[in-house]
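Numbering (my numbering), first residue to last: 304 to 446.
Each residue gets a CB set at the ideal place from its N, CA and C atoms; glycine is no exception.
Since the model is a prediction, treat every value here as computed from it, not as a measurement.
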Amino acid sequence: MELPKLNFQETFDFKFKKDKDKFFIYDLVRKTYLLLTPEEWVRQHWVHYYLTVKAYSPSALITEKKILLNGLTKRIDLLVTEKTEPVILIECKAPQIKLTEKTFEQTARYNSIIGAKEIILTNGLQHIHAYYENGQYLFYKPE
């Protein structure tokens, strides 16, 4: 399987397996192999980033949590917590998906339920970071 090189300075030690003609990647948070989709490839980079670079514990990361938004069940991709409080909501898209105002608004709607201080919208190649302050999002470039 040909996987695109994503925009991370670090390289991570992923575990893969193949079953029939499908590829799977090991999720350190859920402790199981998941179907390797383009979106999962992006999510696993962020999981490894927060576990290895930022030294968060696996229990501080929540993946694919269900939320109710306008009567519809949605799933958030990744939530970073500190002392069970939501800190960073990460919405992952496949690398070929363009990050637009519309995709950012989707992330912001999810965060209206979650209440994280920061959101990251990413396709693995481009990352959009924003803090939520005084009722609005302030975009920034991390150092």
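Close Cβ partners of residue i (< 7 Å) along its chain, the five nearest in sequence each way excluded
i: N426; result: V345, K396, A397, P398, I400 and L402
i: L338; result: K325 and F327
i: L306; result: W344
Where residue i falls, given that 16 or more other Cβ within 10 Å makes a residue buried
i: D380; result: buried
i: Q439; result: exposed
i: Q347; result: buried
i: L364; result: buried
i: E436; result: exposed
i: L371; result: exposed
i: V356; result: exposed
i: A358; result: exposed
i: P445; result: exposed
i: L441; result: exposed
i: E388; result: exposed
i: E385; result: exposed
i: T258; result: Coverage of the chain is limited to positions 304 through 446, which leaves residue 258 absent and any answer about it impossible.
Coil, strand or helix - residue i by DSSP
i: R378; result: strand
i: K405; result: helix
i: A363; result: helix
i: Q439; result: strand
i: I422; result: strand
i: E388; result: strand
i: A411; result: helix
i: I393; result: strand
Chain-order list of residues whose beta-carbon lies under 8 Å from that of residue i (same chain, five-residue window excluded)
i: L331; result: V350, H351, L354 and P361
i: E408; result: none
i: T406; result: E394, K396, I400 and L424
Rounded distance between the beta-carbons of residue j and residue i, thought under 8 Å
i: Y336; j: K320; result: 6 Å
i: Y413; j: K377; result: 6 Å
i: E421; j: I391; result: 5 Å
Next item on the list: Report the residue ranges of all beta strand (DSSP E) runs contained in full by the stretch 320-366; include only those spanning at least 3 residues, in chain order.
Entry: 325-330, 335-338 and 364-366
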